[in-house]
Amino acid sequence: MFSKILIANRGEIACRIISTARRMGVKTVAVWSDADRHALHVEMADEAVRIGPPPAVES
896 MFSKILIANR GEIACRIIST ARRMGVKTVA VWSDADRHAL HVEMADEAVR IGPPPAVES
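Counting from 896, one number per residue, gives the positions in the sequence shown under the numbering used here.
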């Protein structure tokens, strides 16, 4: 089994993945753009990494 996963998603799906991973004892890493700075999945994750400004071409 792995010890940490990167969640390259956002919103409800990311929150469900984080909850399941937590129950399994797996650490989570969320990636976020400036638009998602205060999003629930970013707050829930064990680690969060900023990937840039909101437009996809810039992050």
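The beta-carbon is built from N, C-alpha and C at its ideal position, and this holds for glycine as well.
Asked: Would you identify the three-state DSSP class for ALA916, choosing helix, strand or coil?; Found: helix
Asked: Excluding sequence positions up to five away, which residues of its chain have a Cβ less than 6 Å from the Cβ of GLU942?; Found: VAL924
Asked: Quick check for students: name the residue ranges of the alpha helix (DSSP H) that lie wholly in the region 897 to 946, counting only runs of 4 or more.; Found: 906 to 919, 935 to 939
Asked: Figure out for me which residue from ASN904, ARG917, TRP927 has the closest Cα to the Cα of ILE946.; Found: TRP927
Asked: How about PRO948 and ASP929: do their beta carbons lie closer than 8 Å?; Found: yes
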